[in-house]
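Structure first, then comments.
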Amino acid sequence: MEQAKELLVNMGPQHPSTHGVLRLMVKLDGETVTWCEPDIGYLHRCFEKLSEFKTYPQVIPFTDRTDYLAAITNELCFVEGTEKLFGDAIVVPERAQYIRVLLAEFQRICSHLLALGAMAMDIGAITPFLYAWRDREKMYSLFERITGGRMLYNYLRIGGVRNDLPAGILGTPTDGEDKADQTIWGFINYFDSYVWPQWEALVTDNRIFQWRTQDVGKLSAANAIAYGASGAVLRGSGVKFDLRKNLPNAIYDRFEFDIPVGKAGGDCFDRWIVRAEEMRQSSRIVKQALAWLAENPGETMGKVPRILKPPKGEIYHRIEGARGEVSCYIVSDGGTNPYKVKWRSPCFVHLQLMPLICPGQKIADVIAILGSIDIVLGEVDR
Amino acid sequence: MDFLNEKFPDAQLSDQLNGDTEILVDTKEYEKVVRACYEAGYTFCSVLSAIDWKDRLTLVTSLCRIVPEEVNTRTIHVKVDLPRSGGRVWSISNLYPGANWHERETYDMYGIRFEGHPNHRRILLPDNWQGGFPLLKDFVDHRPKRPRLVRHRYAE
Amino acid sequence: MVALWNNLPHLVQIWLLGLGKGSLILVWCLANFAFAMVLERKVSAWMQNRVGPWRSGLHGWLQAIPDLLKLFVKEYIEPRNVDRPLFILAPLVGFLSAVLIWLIVPIGPGGTAMNLDIGIIFIAAITGYDVIAIFMAGWGSNNKYSLLGAMRGAAQMISYEVTLVMSIIGVVMMVGSLRLSDIVEAQVNRGFFGWFLLPQIIGFGVFIIASLAELNRAPFDLSEAESELVSGYHTEYSGFRWAVFALTEYIHLVGWSSIAATLFLGGWSGPNLPQVLQGLGNILNGLGAFTNVAGDAVSNAAVSIGFMNTGMWAWAVGFIWFALKTYLFVFLAMWIRWTLPRVRIDQLMDLGWKFLLPVSLFNIFLTGVLRFVAVNYNGLPVSLGSFTLRLLGLWAN
Chain A
280 MEQAKELLVN
290 MGPQHPSTHG
300 VLRLMVKLDG
310 ETVTWCEPDI
320 GYLHRCFEKL
330 SEFKTYPQVI
340 PFTDRTDYLA
350 AITNELCFVE
360 GTEKLFGDAI
370 VVPERAQYIR
380 VLLAEFQRIC
390 SHLLALGAMA
400 MDIGAITPFL
410 YAWRDREKMY
420 SLFERITGGR
430 MLYNYLRIGG
440 VRNDLPAGIL
450 GTPTDGEDKA
460 DQTIWGFINY
470 FDSYVWPQWE
480 ALVTDNRIFQ
490 WRTQDVGKLS
500 AANAIAYGAS
510 GAVLRGSGVK
520 FDLRKNLPNA
530 IYDRFEFDIP
540 VGKAGGDCFD
550 RWIVRAEEMR
560 QSSRIVKQAL
570 AWLAENPGET
580 MGKVPRILKP
590 PKGEIYHRIE
600 GARGEVSCYI
610 VSDGGTNPYK
620 VKWRSPCFVH
630 LQLMPLICPG
640 QKIADVIAIL
650 GSIDIVLGEV
660 DR
Chain B
555 MDFLNEKFPD
565 AQLSDQLNGD
575 TEILVDTKEY
585 EKVVRACYEA
595 GYTFCSVLSA
605 IDWKDRLTLV
615 TSLCRIVPEE
625 VNTRTIHVKV
635 DLPRSGGRVW
645 SISNLYPGAN
655 WHERETYDMY
665 GIRFEGHPNH
675 RRILLPDNWQ
685 GGFPLLKDFV
695 DHRPKRPRLV
705 RHRYAE
Chain C
5 MVALWNNLPH
15 LVQIWLLGLG
25 KGSLILVWCL
35 ANFAFAMVLE
45 RKVSAWMQNR
55 VGPWRSGLHG
65 WLQAIPDLLK
75 LFVKEYIEPR
85 NVDRPLFILA
95 PLVGFLSAVL
105 IWLIVPIGPG
115 GTAMNLDIGI
125 IFIAAITGYD
135 VIAIFMAGWG
145 SNNKYSLLGA
155 MRGAAQMISY
165 EVTLVMSIIG
175 VVMMVGSLRL
185 SDIVEAQVNR
195 GFFGWFLLPQ
205 IIGFGVFIIA
215 SLAELNRAPF
225 DLSEAESELV
235 SGYHTEYSGF
245 RWAVFALTEY
255 IHLVGWSSIA
265 ATLFLGGWSG
275 PNLPQVLQGL
285 GNILNGLGAF
295 TNVAGDAVSN
305 AAVSIGFMNT
315 GMWAWAVGFI
325 WFALKTYLFV
335 FLAMWIRWTL
345 PRVRIDQLMD
355 LGWKFLLPVS
365 LFNIFLTGVL
375 RFVAVNYNGL
385 PVSLGSFTLR
395 LLGLWAN
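Taken in order, these protein sequences are the chains called A, B and C. Per this note's numbering, the first sequence starts with residue 280, numbered consecutively. Per this note's numbering, the second sequence starts with residue 555, numbered consecutively. Per this note's numbering, the third sequence starts with residue 5, numbered consecutively.
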């Protein structure tokens with residue numbers, strides 16, 4: 280009788296910590312993983328095919344739904360790409376640019392909060408996850424007042440943004456914790472003085488959390504580049520590369536911020552630290568944008584033709600999304616619909632790392648690694 | 555991109571609207587061009603996809619550089635024209651392991667085959683999908699007819 | 005009544021007593037479950053800025069009743085190819101092991117169902133059944149997650165049982181008896197605040213960690229590990245069979261807390277109302293330096309309710325102290341659970357075998373040395389902790 284040496288475990292598609300509908304096939308030798316392969320496609324919604332049948336503004340809501348936790352950065356990618364297709368015909372007002380950056384960075388904090396919370400929950404700490412939700416609710420209230428939507432906004436427009444910021448949403452730099460869900464300044468101050476130290480004390484400095492994440496899921500810098508990693512995963516491996524600095528879209532070159540990188544060789548803890556530090560840098564950018572916006576009222580929508588027909592051409596637009604490099608390849612044939620939209624989603628690429636990192640780790644580490652590369656299945660499958 | 559001009563004088567080079575370089579090469583030259591880009595430091599495969607021009611498919615491979623100091627880093631798009639059905643091209647996933655899934659997706663959506671790919675299967679659609687290649691412009695959705703399901707490879 | 009009882013045949017007496025005690029223990033366990041489960045949800049809600057159960061009963065404190073009713077009428081879902089006898093028996097075996105602990109816990113002065121002289125050994129033996137239950141559930145479920153959870157649970161509980169018993173040995177050495185009521189008596193005899201908490205502080209720390217692991221509670225809930233193994237060994241259970249596992253978990257939690265309270269916090273011992281008043285009066289009187297009206301009034305009040313020092317009253321006060329101390333540990337376990345992440349299986353084993361076991365062995369050694377010194381050279385402190393107390397003048401024995 281042949282004896283089985285390995286145990287094949289299907290984690291997902293119905294598993295509590297696959298962040299959506301992902302199936303991980305894992306072969307186990309005892310508790311040690313010997314082989315791992317993700318199986319995706321359970322959430323495929325034909326985004327690329329659909330967008331060939333929609334006009335350019337109609338595609339924007341679809342981009343929201345690819346990475347539903349960082350909708351603004353996705354919209355930003357598509358909207359800016361389309362604007363570039365028009366060449367100089369569309370000029371985005373400066374105020375709209377600032378609002379875009381403000382919201383994108385605000386969204387980044389929001390997205391990273393959930394990423395950290397979900398990773399903490401994967402490792403077994405449930406309370407930080409709920410703290411993340413508590414703070415995200417406050418952010419969503421702010422988003423709701425600005426854009427009308429809590430999660431999926433459809434707020435950016437080709438040529439600007441849909442509406443100016445509502446009166447009083449910016450607040451003043453002295454706004455404290457009590458105004459966290461009423462003004463952006465209030466939230467940023469609340470974030471700096473309360474949320475960040477709480478995460479630091481509750482999770483980052485926790486000895487068990489460090490046991491579970493340090494030296495787990497190591498990804499070397501060379502492998503990170505070869506496998507196309509970007510965002511916090513690439514920077515966690517020690518590569519100081521951020522498209523906001525290296526290929527500034529919008530007006531990111533006007534802002535002052537640092538790029539955190541991991542120092543311990545790209546383990547899960549490095550990725551955690553990079554994300555946590557990035558939230559602070561985003562809060563710096565938000566503060567600078569707030570200072571500018573408070574003093575410079577103006578138009579938020581440029582002059583745009585009634586029917587958007589970009590000239591023939593192709594564009595590849597890369598921006599730094601919350602999870603890594605979000606980019607879109609738009610082909611225009613001169614009509615009202617895009618001829619082709621190719622969406623490059625970072626999570627799709629990052630998920631390829633699982634077969635590389637996981638073998639040799641324990642099964643509990645697989646979950647920690649999955650949490651640390653922070654995937655959103657809506658974006659993986661599009 | 556001077557190194558491409560020097561090495562491949564026949565290839566058509568052009569600029570995209572945002573300053574990226576496009577190079578249209580022959581299928582046979584594809585491997586050489588990609589290798590040249592790799593050796594010139596373009597070690598990051600950003601995306602790989604195809605465009606259906608109704609008379610041909612164009613495979614677009616976007617290669618980037620990861621240089622921390624470089625500002626306004628630009629992308630090279632290596633393009634190959636392929637026939638609409640039965641197109642075969644060299645797989646770059648041995649050079650760029652990250653292109654593995656992009657190639658699988660391109661196969662899934664356009665039917666382009668990649669020679670030397672380590673795991674040449676469908677990725678987003680089910681392994682046993684029989685309905686054709688969805689992103690081709692003449693794709694017809696035959697639903698509600700369900701595709702024939704066969705026993706899954708990994709069912710044990 | 006008494007005459008009627010005495011006239012009964014001996015065998016009937018035994019059976020009636022057994023049935024009575026058994027029913028009492030079951031009711032007590034279920035009541036504790038109902039309370040501890042809602043408490044857990046309340047505590048977690050409080051820590052996570054949520055409301056928690058709020059609908060059934062006053063502020064949701066009766067939530068356990070609708071929960072159990074719902075689970076009672078739910079369908080049993082049984083996967084194909086389960087090992088049916090094991091699958092069905094597993095929850096019951098686990099439940100048994102959790103309930104049996106209560107046989108020997110003294111919940112008041114003289115309030116034990118069975119005052120076994122091998123108390124500690126009995127606990128260690130009973131806990132072994134829990135491993136069997138987990139393994140039966142995991143093996144019988146025909147599910148890979150369950151099997152993994154069961155393997156983890158078995159490995160973990162067997163290794164931590166060693167540590168757990170070793171950490172109690174120190175207390176046993178100080179008392180010289182395995183009987184739980186003797187242990188409480190010893191702490192009472194040591195005088196005011198004579199608990200084994202301070203003299204056995206090392207053993208106490210090891211005991212708390214090891215009992216959390218033994219209970220499969222976070223941060224050692226590896227055998228259920230929600231984010232890795234879905235629900236571990238009880239993944240395939242549904243309806244009331246699952247409810248029995250939940251019952252077991254909470255009864256176990258309260259049971260182990262009561263043992264911790266008995267061993268280290270003096271069990272049911274504690275000042276009752278007259279004693280508190282007497283002490284208060286003494287303080288008001290400046291410890292006898294001066295007398296005043298208020299101090300005398302308080303002291304007189306203490307004398308007038310002196311009947312509370314004896315009989316039913318003393319029993320009730322002892323029971324209240326016992327419950328308070330038990331739930332202190334229950335709360336501690338909940339606090340830990342909702343704060344810390346989960347450790348990994350190899351880290352858990354390292355912690356158990358390479359750290360906690362040596363530390364508990366060292367504790368035995370230390371206790372032995374100090375005990376030897378105290379017995380042979382009368383007057384020297386029994387251990388470091390009581391030495392501190394002696395310096396503070398709190399322990400005059």
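Using N, Cα and C, we set each Cβ at its ideal position, and we do this for glycine too.
Measure how close the beta-carbons of tryptophan 319 of chain C and proline 89 of chain C come, nearest whole angstrom, since I'm counting them as under 8 angstroms.
Actually they are not in contact, since the Cβ atoms of tryptophan 319 of chain C and proline 89 of chain C sit about 43 angstroms apart, beyond 8 angstroms.
I'd like the span of the alpha helix (DSSP H) that includes methionine 290 of chain A, first residue to last.
Run containing methionine 290 of chain A: none in the alpha helix (DSSP H); it sits in the beta strand (DSSP E), 286-290.
How big is the Cα-Cα spacing for histidine 629 of chain A and isoleucine 255 of chain C?
44 angstroms
Which word fits tyrosine 410 of chain A, buried or exposed, when buried means at least 16 other C-beta atoms lie within 10 angstroms of its C-beta?
buried
Which residues, taken in chain order from the region 200-233 of chain C, show a beta carbon closer than 9 angstroms to some beta carbon of chain A?
Ala222, Pro223, Asp225, Leu226, Ala229, Glu230, Ser231, Glu232, Leu233
For arginine 346 of chain C and alanine 222 of chain C, believed in contact at Cβ under 8 angstroms, the rounded distance:
6 angstroms
Just to check my reading of the structure: glycine 283 of chain C and glycine 153 of chain C have Cβ atoms closer than 8 angstroms, yes? What is that Cβ distance to the nearest angstrom?
No, glycine 283 of chain C and glycine 153 of chain C are not in contact; Cβ-Cβ is about 51 angstroms, not under 8 angstroms.
Cβ closer than 7 angstroms: which chain C residues qualify as neighbours of glycine 403 of chain A?
Ala222, Pro223, Ser231, Pro345, Arg346
Please list the partners that cysteine 269 of chain A has in chain B, where partner means a Cβ-to-Cβ separation under 8 angstroms.
Nothing in the structure corresponds to residue 269 of chain A, since chain A is present only between 280 and 661.
Pull up the distance between the alpha-carbon of valine 694 of chain B and that of glycine 685 of chain B, whole angstroms please.
9 angstroms
Taking contact to mean at least 3 C-beta pairs separated by less than 8 angstroms, is the region 346-364 of chain C in contact with the region 148-165 of chain C?
yes
Could you tell me the alpha carbon to alpha carbon distance between alanine 543 of chain A and arginine 348 of chain C, rounded to whole angstroms?
21 angstroms
Given aspartate 644 of chain A, which residues of its chain have a CB within under 7 angstroms of its CB, disregarding the five upstream and five downstream residues?
Val495, Gly496
Determine the DSSP secondary structure at methionine 161 of chain C, reduced to helix, strand or coil.
helix
Among residues of its own chain, excluding the 5 on either side of proline 83 of chain C, which ones have a beta-carbon nearer than 8 angstroms to its beta-carbon?
Ser145, Asn146, Asn147, Glu240
CB-CB under 8 angstroms to valine 234 of chain C, same chain, minus the five flanking residues each way: which ones, in chain order?
Tyr149
May I ask you to check if the CB of proline 292 of chain A is nearer than 8 angstroms to at least one heavy atom of the ligand MN?
The ligand MN is absent from the structure shown, which contains no ligand whatsoever.
To the nearest angstrom, how far is the alpha carbon of isoleucine 339 of chain A from that of lysine 328 of chain A?
14 angstroms
Got a sec: is the Cβ-Cβ distance from phenylalanine 667 of chain A to anything in chain C below 9 angstroms?
Outside the modelled stretch of chain A, which goes from 280 to 661, sits residue 667 of chain A, for which no answer is possible.
Express the C-alpha separation of tryptophan 260 of chain C and serine 215 of chain C in angstroms, rounding to a whole number.
7 angstroms
Beta-carbon neighbours of aspartate 186 of chain C, restricted to chain A and to distances below 7 angstroms
Near aspartate 186 of chain C there are no residues of chain A at all, since even the closest Cβ is about 37 angstroms away, more than 7 angstroms.
Could you check what DSSP says for glycine 439 of chain A in three-state terms: helix, strand or coil?
strand
Under 9 angstroms, do phenylalanine 557 of chain B and alanine 604 of chain B count as touching if we go by C-beta distance?
no
Since alanine 264 of chain C contacts glycine 271 of chain C with CB under 8 angstroms, what's their CB separation in whole angstroms?
Incorrect: roughly 10 angstroms between the Cβ atoms, too far for contact.
Strand pairing of tyrosine 595 of chain A, partner residues [DSSP]:
A:Tyr608
Would a check of beta-carbon distances place isoleucine 642 of chain A closer than 9 angstroms to chain C?
yes
Out of C:Ala306, C:Phe37, C:Gly243, point me to the one whose CA is closest to lysine 74 of chain C's CA.
C:Gly243
In terms of residues, what are the limits of the beta strand (DSSP E) holding serine 568 of chain B?
566-569
For the alpha helix (DSSP H) holding leucine 395 of chain A, just list the boundary residues, first then last.
373-402
Return the first residue and the last residue of the beta strand (DSSP E) that serine 616 of chain B is part of.
611-618
Beta-carbon separation (whole angstroms), leucine 431 of chain A vs serine 390 of chain A, contact threshold 8 angstroms
That belief does not hold up - the Cβ atoms of leucine 431 of chain A and serine 390 of chain A are roughly 13 angstroms apart, past 8 angstroms.
Do you know whose CA, among C:Phe366, C:Arg375, C:Trp19, lies nearest isoleucine 206 of chain C's CA?
C:Phe366
Selected residue, minimal CA-CA separation from glutamate 658 of chain A, among A:Leu286, A:Val565, A:Arg324
A:Arg324
What first and last residue would you give for the beta strand (DSSP E) that runs through alanine 604 of chain B?
598-606
In angstroms, rounded to a whole number, what distance separates the CA positions of methionine 5 of chain C and asparagine 11 of chain C?
10 angstroms
Would you list, in sequence order, the uninterrupted alpha helix (DSSP H) runs of no fewer than 4 residues that lie entirely inside the region 143-218 of chain C?
148-179, 184-193, 205-218
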